[in-house]
Amino acid sequence: MSDPIVITLLRHGEVNANGWAFRGSTDVPLSTRGWSQMRAVTNHLEPIDRIATSPLQRCRLFAEELSHQHQLPLLTLTDMAEMDFGDWENRSFDDICGEEKQLLQQFWDSPVGIRPPGGESFDEFSQRVIDCWHTWIQNDSGKNRLLVAHGGVIRVLLAHTLEMPMHALWRLHLPYASCSRISLLDGHQPRLLFMNREPVCAE
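For the sequence shown, my numbering begins at 158 and goes up steadily by one.
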């Protein structure tokens, strides 16, 4: 029997921004704490042989550091970028009002079929992430891989792997810099090995 492909999904750490807001396609940097969180959790990971990352700097810059530190191949996956929230970008719940407020509530009840004004539909977003996932799995030879990505991206991948309905996506809690791990073996169902392993020594 061949060895499984083991993929660790790492959400980026805290970002350098004031308060919570939709920051999907907005290319915000990590905060100092965010860097510490990601370094802390990866210090306790088992060895990896490949790293892939979202193109956005809150994921990519840390992935570049880790790749250089361990002399590992790094692949930037454009389609693993977070969802583009259009007119909701950089706005909080409280900033969104009127008809958009109703649409936002529908999005939280179930994102399926919802498109933020001027943005990407959730269905388009989830499909590009899943398509990218399958292409990466098939075309990369690494057996122990790390993907540095976003909360929305990782939720889609976990829901897809577990065959969860996408309308239940928000039931998955993913803190900053948390790790989840999936095992893929030909002829067997995918397995979620763990979820939400968090930094143990972040400042």
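Virtual Cβ for every residue (Gly too), placed ideally from N, Cα, C.
- About 6 Å separates the Cβ atoms of N173 and V185, confirming a contact at the 8 Å cut-off.
- The criterion of a C-beta distance shorter than 8 Å is satisfied by C336 and L167.
- Shown here, I339 sits in a strand according to DSSP, grouped into three states.
- Taking 8 Å as the upper bound for CB-CB distance, A334 and G170 are in contact here, some 4 Å apart.
- Contact between the stretch 289 to 308 and the stretch 203 to 221 is established, with three or more Cβ pairs separated by less than 8 Å.
- Residue pairing from DSSP places R354 in a beta bridge opposite C336.
- Residue environment for T235: exposed (fewer than 16 other C-beta atoms within 10 angstroms of its C-beta).
- Taking C-alpha positions only, S249 is separated from F242 by approximately 12 Å.
- Look at I311 here: in three-state DSSP terms it is helix.
- L304 is bridged by DSSP to L166 and A209.
- Inter-segment contact for the stretch 266 to 279 and the stretch 336 to 353 is absent: fewer than three beta-carbon pairs are separated by less than 8 Å.
- Secondary structure note for L326: it is in no beta strand (DSSP E), with a DSSP letter that is neither H nor E.
- Here the C-alpha atom of L213 lies approximately 25 Å from the C-alpha atom of I253.
- Taking C-beta atoms as the reference points, T318 and I339 count as a pair closer than 8 Å.
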